[in-house]
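Residue numbers (our numbering), protein chains in the order written: chain L, 42 to 684; chain U, 1405 to 1605.
The structure appears below as structure tokens.
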Amino acid sequence: MSTPRSSASSPDPIPHKSVTLAPSLGMRDPEEDSDSTPSRMSEDDDCSGGGGGGGWTPDLRGGGGRWAPPDQVLEIVLESVLEFLTAARDRNAASLVCRSWYRAEAQTRRELFIGNCYAVSPRRAVERFGGVRAVVLKGKPRFADFSLVPHGWGAYVSPWFAALGPAYPRLERICLKRMTVSDDELALIPRSFPLFKELSLVCCDGFSTRGLAIIAEGCRHLRVLDLTEDYFHEEENEVVDWISKFPESNTSLESLVFDCVSVPFNFEALEALVARSPALRRLRVNDHVSIEQLRCLMARAPRLTHLGTGSFRSEPGSGGTSSVSELATSFAASRSLVCLSGFLDVNAEYLPAIYPVCANLTSLNFSFASLTAEEIIPVINHCVSLRTFWVLDTVGDEGLRAVAETCSDLRELRVFPLDATEDSEGSVSDIGLQAISEGCRKLESILYFCQRMTNAAVIAMSENCPNLVVFRLCIMGRHRPDRITGEPMDEGFGAIVMNCKKLTRLSVSGLLTDKAFAYIGKYGKLIKTLSIAFAGNSDMSLQHVFEGCTRLQKLEVRDSPFGDKGLLSGMNYFYNMRFFWMNSCRLTAKGCRDVAQQMPNLVVEVMKEHPEDEGETDTVDKLYLYRSLAGPRNDAPSFVNIL
Amino acid sequence: MSVETERSSTESSAASGLDFEDTALTLRLPGSSSSDTDRKRASTSDPSCRSPSAAASDSPPSPKYAARVVGWPPVRSYRKNALATAAASKFVKVAVDGAPYLRKVDLTAYAGYTSSTSYDQLLAALQDKFFSHLTFRKLGNQEMKLVDTVSGTEYVPTYEDKDGDWMLVGDVPWRMFVETCQRLRLMKSSEAVNLAPRAAR
Chain L
42 MSTPRSSASS
52 PDPIPHKSVT
62 LAPSLGMRDP
72 EEDSDSTPSR
82 MSEDDDCSGG
92 GGGGGWTPDL
102 RGGGGRWAPP
112 DQVLEIVLES
122 VLEFLTAARD
132 RNAASLVCRS
142 WYRAEAQTRR
152 ELFIGNCYAV
162 SPRRAVERFG
172 GVRAVVLKGK
182 PRFADFSLVP
192 HGWGAYVSPW
202 FAALGPAYPR
212 LERICLKRMT
222 VSDDELALIP
232 RSFPLFKELS
242 LVCCDGFSTR
252 GLAIIAEGCR
262 HLRVLDLTED
272 YFHEEENEVV
282 DWISKFPESN
292 TSLESLVFDC
302 VSVPFNFEAL
312 EALVARSPAL
322 RRLRVNDHVS
332 IEQLRCLMAR
342 APRLTHLGTG
352 SFRSEPGSGG
362 TSSVSELATS
372 FAASRSLVCL
382 SGFLDVNAEY
392 LPAIYPVCAN
402 LTSLNFSFAS
412 LTAEEIIPVI
422 NHCVSLRTFW
432 VLDTVGDEGL
442 RAVAETCSDL
452 RELRVFPLDA
462 TEDSEGSVSD
472 IGLQAISEGC
482 RKLESILYFC
492 QRMTNAAVIA
502 MSENCPNLVV
512 FRLCIMGRHR
522 PDRITGEPMD
532 EGFGAIVMNC
542 KKLTRLSVSG
552 LLTDKAFAYI
562 GKYGKLIKTL
572 SIAFAGNSDM
582 SLQHVFEGCT
592 RLQKLEVRDS
602 PFGDKGLLSG
612 MNYFYNMRFF
622 WMNSCRLTAK
632 GCRDVAQQMP
642 NLVVEVMKEH
652 PEDEGETDTV
662 DKLYLYRSLA
672 GPRNDAPSFV
682 NIL
Chain U
1405 MSVETERSST
1415 ESSAASGLDF
1425 EDTALTLRLP
1435 GSSSSDTDRK
1445 RASTSDPSCR
1455 SPSAAASDSP
1465 PSPKYAARVV
1475 GWPPVRSYRK
1485 NALATAAASK
1495 FVKVAVDGAP
1505 YLRKVDLTAY
1515 AGYTSSTSYD
1525 QLLAALQDKF
1535 FSHLTFRKLG
1545 NQEMKLVDTV
1555 SGTEYVPTYE
1565 DKDGDWMLVG
1575 DVPWRMFVET
1585 CQRLRLMKSS
1595 EAVNLAPRAA
1605 R
């Protein structure tokens, strides 16, 4: 049994050091060995074991079915040492060393990362890991964001909450992404976890302000409540005044993000809440907050570091209208601001008010603000320290040129389209991309939506920005070639994989032949996530990818001329991946069934456009396959067929 | 903004994608369709998937698109909705027989697809907004129903047009529907018998 740890209560939630608690409080007996083999570790992200495993499973039961009692001194030392390992990859490796390391690691892992909620059963996860303080759960495949996963597909949090509640009474942090959570499930949190501190919901659905009220009221030690791009379907007359439900005394709140909760709320309650939350550093409000109200909030929280500015529009209330210079005074007083976002209905006249903080900003999100180059250039000229910049394409190539000239330290750029249709005008092009590549040499991550692109600009970026880790180029018109040469975009993407040796995430677009994928397979050795749409000529493309991209974890494909042959070329690699998604290609039920039959630890889900089609030669519209220790799930809706 | 050509309600253009006929005006009764298979393929249209002869070559296809494709360009609906609030929208109230509150849907959110896909998306959205146990079923003769899988109650989507008449959803081309629809009602099948019969197919 482990001895009590030294009292070191950490103020920061990440990464976790051990929290002092008496060992009698539900500390799990490490001798309760589960019968699971630890080698696959499909519940953990980035498992190096997956890449090198290849089917070997260690037998940790010891010789002859009997095992020796643990060496208690060694275990204590081991656990103390393993406390310092926070990265899942390191922990996975440590757990493979031998049985006592496996046990020690299982007891000291503080964050449980489940990259696919269906890859392992909740029961199994809680049986192995006894001392978890934080859980990260991801549900639906990413293409669900683009309406490609029908409603009711799954990713319900209920079986997980049912298991986590009894197993981890000391749980402090839950982060969910693309999962369905109901208000009643949210209500389980304060009941099951009295020490609960952080809730983060990203792209989730199923809950409402009623659930938020329960969290606010019940979680007395709440530090973080972050709601990011969740789906709310409430009518205005159903909305609950959740902000009033926070404790009346001083709160521990450090972060409150609710810009996606786009319904009116009780502003006075928010103002009072901010005033009694001395630790608050991040506040992102929704578009129902005017400039006048923003000033009130900023006055109450002068030490904010991250601010989501709401509408950034004047709405004269009882206090009259604020002028630009008055707003500028408010910003001047917020000396700690490093990250600005919001501007959800921006009145550009007020932009100069942020000049006082621009020089210190490391992150600026204008991606909901329809601004012209003229409006943005004076702002950008002040932002010399910017590392992250999100913007709409309305600023044009000219606006991007200004970014390139000023933001030499830029690491992440995202350019979103105002008009996300294929035949829109598109205001940014290869010219903007080229300018960015020349000015922002330290760029690591780029997401760029455009209508016109050239191989030359992409090649230039590959040469100027060798530190790129994420390259996502979305040429919105399907099958668009190089706008000058008329050639496919093969050479551009080829250069990216060739020259950007740290690249782990790639999204391709435009007219692409098998050649592009030959390049990707040959040079993209570190790629973990690959997104393919409307690309390639034949199944050779998929074969290149499977055979070449040895670190591939997540592959998403849509509307490309790949069929069963391409699917089968991945057979030897599916166990090394978290998932493979393919929709609107040329798969047949037979091909998918072949895969399912040959790979027992793979769950193969298919969805047909017309479920009544029974034929094996009929095309499968959607395929989602993933490795899993849990076997086929029992909550699949009728339109999902698990082979 | 996208150039939307007038097209027949058959929306068979989606299947081949690039033919001249697709963008031509034709005279046809609303609701008549040229073939079921064309409708089947309408939802994610990809010229290269449907015409293999054109797909394999390196020649760049025409940049004109017959119809939008679901989920492309890949921008999250959260972002689209946030940016669209400024743009023109048409919100109509949706009532479900037996449910105590109304919802609203923005009919302009489903523009640019084939009619069939637009209707599909609308019904999927209605499913989203109401009960998770309502399943959208499209029967062989193109009738659309929502079924409460718990109670077995069937609902038929209906709408009130500019004349105050209640019509079955799905009969007219999408753009005409958006123009004339004043409100939506998911009516219990048992009550829907008195509505205007569908146009003969």
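Ideal Cβ placement from N, Cα and C applies to all residues, glycine included.
_Considering Cα atoms alone, identify which of L/T435, L/G259, L/E415 is closest to U/L1487._
Along the second sequence, read from residue 1 onward, the residue named residue 1487 of chain U stands at position 83. For U/L1487, the nearest C-alpha among the options comes from L/T435.
_In the DSSP output, what is L/N406 paired with across the bridge?_
Translated into the one-based positions of the first sequence, residue 406 of chain L becomes position 365. Looking at the DSSP assignment, L/N406 forms a beta bridge with L/W431.
*Are L/P458 and L/F490 closer than 8 Å when you measure CB to CB?*
Looking up residue 458 of chain L in the first sequence gives position 417. Looking up residue 490 of chain L in the first sequence gives position 449. Taking 8 Å as the Cβ cut-off, L/P458 and L/F490 qualify as a contacting pair.
*Would you say U/K1592 faces chain L, with C-beta separation under 8 Å as the test?*
As a first step, residue 1592 of chain U must be located in the second sequence, where it is residue number 188. Chain L, which has no Cβ nearer than 8 Å to the Cβ of U/K1592, makes this no.
*Is it true that the CB of L/S548 sits closer than 8 Å to the CB of L/S582?*
Locating residue 582 of chain L in the first sequence gives position 541, counting from the first residue. Locating residue 548 of chain L in the first sequence gives position 507, counting from the first residue. Not a contact, by the Cβ cut-off of 8 Å.
*Starting from the C-beta of L/L119, find all residues in its chain whose C-beta is less than 8 Å away, skip the five residues before and the five after it, and write them out in chain order.*
Your numbering for residue 119 of chain L matches position 78 in the first sequence. So the list reads S141, W142, A145, once near-sequence residues are dropped.
*Taking L/E270 as the query, report the chain U residues whose CB atoms sit under 7 Å from its CB, ordered along the chain.*
For this step, residue 270 of chain L is matched to residue 229 along the first sequence. Under the 7 Å cutoff, chain U gives R1480, Y1482.
*What whole-angstrom Cβ distance do L/K543 and L/K569 have, given they're in contact under 8 Å?*
Residue 543 of chain L sits at position 502 when you count from the first residue of the first sequence. Residue 569 of chain L sits at position 528 when you count from the first residue of the first sequence. Actually they do not touch by this definition, with Cβ atoms about 11 Å apart.
*Closest Cβ-Cβ distance between L/P458 and chain U: below 8 Å?*
Here residue 458 of chain L is taken as the residue at index 417 of the first sequence, counted from 1. At least one chain U Cβ lies under 8 Å of L/P458.
_contact_flag[the stretch 162-173 of chain L, the stretch 244-254 of chain L] where n(CB pairs < 8 Å) is 3 or more_ = no
*For chain L, is any of its Cβ atoms less than 8 Å away from the one on U/L1487?*
As a working mapping, residue 1487 of chain U is identified with position 83 in the second sequence. Closer than 8 Å: yes.
*Out of L/C380, L/S293, L/I332, L/A373, which has the shortest C-alpha to C-alpha gap to L/G361?*
Start at 1 with the first residue of the first sequence, and residue 361 of chain L comes out as number 320. For the residues L/C380, L/S293, L/I332, L/A373, the minimum Cα distance to L/G361 belongs to L/I332.
*Contact list for L/M517 against chain U, beta-carbon separation under 7 Å*: Within the first sequence, numbered from 1, the residue matching residue 517 of chain L stands at position 476. Per Cβ cutoff of 7 Å: P1477.
*asked:* Does any residue of chain U have a CB that is nearer than 8 Å to the CB of L/A574?
replied: By 1-based counting over the first sequence, the position of residue 574 of chain L is 533. Closer than 8 Å to the CB of L/A574 there is at least one CB belonging to chain U.
*Cβ pair L/F615, L/M648 closer than 8 Å*: For the purposes of this step, residue 615 of chain L is taken as the residue at position 574 of the first sequence. For the purposes of this step, residue 648 of chain L is taken as the residue at position 607 of the first sequence. Cβ atoms of L/F615 and L/M648: not closer than 8 Å.
_For the stretch 184-201 of chain L, list every residue whose C-beta sits within 8 Å of some C-beta in chain U, in sequence order._
Under the 8 Å Cβ criterion, the stretch 184-201 of chain L contributes F184, D186, F187, S188, L189, P191, H192, G193.
*So, does the CB of L/C301 fall closer than 8 Å to a CB anywhere in chain U?*
As a working mapping, residue 301 of chain L is identified with position 260 in the first sequence. It does: the Cβ of L/C301 has a partner Cβ on chain U nearer than 8 Å.
*Using a threshold of 8 Å, state whether the C-beta atoms of L/R336 and L/L368 are closer than that.*
Within the first sequence, numbered from 1, the residue matching residue 336 of chain L stands at position 295. Within the first sequence, numbered from 1, the residue matching residue 368 of chain L stands at position 327. Yes, these two residues count as a Cβ contact at 8 Å.
*asked:* By the three-class DSSP mapping on this structure, what secondary structure does U/S1593 have?
replied: In the second sequence, the residue the question calls residue 1593 of chain U occupies position 189. In the structure shown, U/S1593 sits in a helix (DSSP, three-state: H, G or I).
*Rounded separation between U/A1419 and U/L1530 - CA only*: Sequence index remark: in the second sequence, residue 1419 of chain U carries index 15 (1-based). Sequence index remark: in the second sequence, residue 1530 of chain U carries index 126 (1-based). For U/A1419, the predicted model reports a pLDDT of 39, less than 50, meaning its position is unreliable; a value from the coordinates is still stated below. Roughly 27 Å between the two C-alpha positions.
*asked:* Tell me the DSSP secondary structure of L/C6 in three-state form.
replied: There is no way to answer for residue 6 of chain L, as the model of chain L reaches only from 42 to 684.
*For chain U, find out if any of its Cβ atoms is closer than 8 Å to the Cβ of L/L385; answer yes or no.*
Working through the first sequence from its first residue, we reach residue 385 of chain L at position 344. Yes, contact with chain U.
*First and last residue of the beta strand (DSSP E) that includes L/L178?*
Your numbering for residue 178 of chain L matches position 137 in the first sequence. Unbroken beta strand (DSSP E) run through L/L178: 175-179.
*asked:* Taking beta-carbon pairs under 7 Å, can you tell me which members of the stretch 487-506 of chain L lie near chain U?
replied: F490
*So L/M339 is in the beta strand (DSSP E); what residue range does that whole segment cover?*
The residue you call residue 339 of chain L lines up with position 298 of the first sequence. Careful: L/M339 lies outside any beta strand (DSSP E), inside the alpha helix (DSSP H) at 332-341.
*Count the other CB atoms within 10 Å of the CB of L/I256; is the residue buried (16 or more) or exposed (fewer)?*
Along the first sequence, read from residue 1 onward, the residue named residue 256 of chain L stands at position 215. The residue in question, L/I256, is buried, as its Cβ has 16 or more Cβ neighbours within 10 Å.
*What in chain U is Cβ-close to L/F409, meaning under 8 Å?*
To locate residue 409 of chain L, count along the first sequence from 1; it is residue 368. Going along chain U in sequence order, the residues near L/F409 (Cβ under 8 Å) are R1483, A1486, L1487.
*asked:* One question on the structure: do L/R519 and L/F558 come within less than 8 Å of each other, judged by their Cβ atoms?
replied: Walking along the first sequence from the start, residue 519 of chain L turns up at place 478. Walking along the first sequence from the start, residue 558 of chain L turns up at place 517. Their beta carbons are not under 8 Å apart, which means L/R519 does not touch L/F558 by this criterion.
_Residue nearest to L/N540 in terms of C-alpha spacing, selected from L/K566, L/L240, L/G156, L/L227_ = Numbered from its first residue, the first sequence carries residue 540 of chain L at position 499. Out of L/K566, L/L240, L/G156, L/L227, L/K566 has the C-alpha closest to the C-alpha of L/N540.
*asked:* Checking 8 Å against the spacing of the C-beta atoms, do L/V689 and L/V280 come in under that value?
replied: An answer regarding residue 689 of chain L cannot be provided, because it is not within the stretch 42 to 684 covered by chain L.
*From what residue to what residue does the alpha helix (DSSP H) around L/L205 run?*
Within the first sequence, numbered from 1, the residue matching residue 205 of chain L stands at position 164. Per DSSP, L/L205 belongs to the alpha helix (DSSP H) from 199-208.
*With which residues is U/P1667 paired in a DSSP beta bridge?*
This structure cannot settle anything about residue 1667 of chain U, because the visible part of chain U is limited to 1405 through 1605.
*In angstroms with no decimal places, state the Cα-to-Cα distance between L/T292 and L/L338.*
If you number the first sequence from 1, residue 292 of chain L lands on position 251. If you number the first sequence from 1, residue 338 of chain L lands on position 297. When rounded, the distance between both Cα atoms is 16 Å.
*Hey, out of L/V177, L/R214, L/L670, L/C245, whose CA is closest to L/G193's CA?*
Sequence index remark: in the first sequence, residue 193 of chain L carries index 152 (1-based). Of L/V177, L/R214, L/L670, L/C245, the residue nearest in Cα terms is L/C245.
*Spatial neighbours of L/L454 in its chain, beta-carbon cut-off 6 Å, leaving aside the 5 residues before and after*: Counting from one through the first sequence, the residue named residue 454 of chain L turns up at place 413. Counting only Cβ-Cβ distances below 6 Å, and skipping sequence neighbours, we find F430, I487.
*Establish whether the CB of U/A1528 and some CB of chain B are separated by less than 8 Å.*
Reference to chain B is not applicable here, since the protein chains of this structure are L and U.
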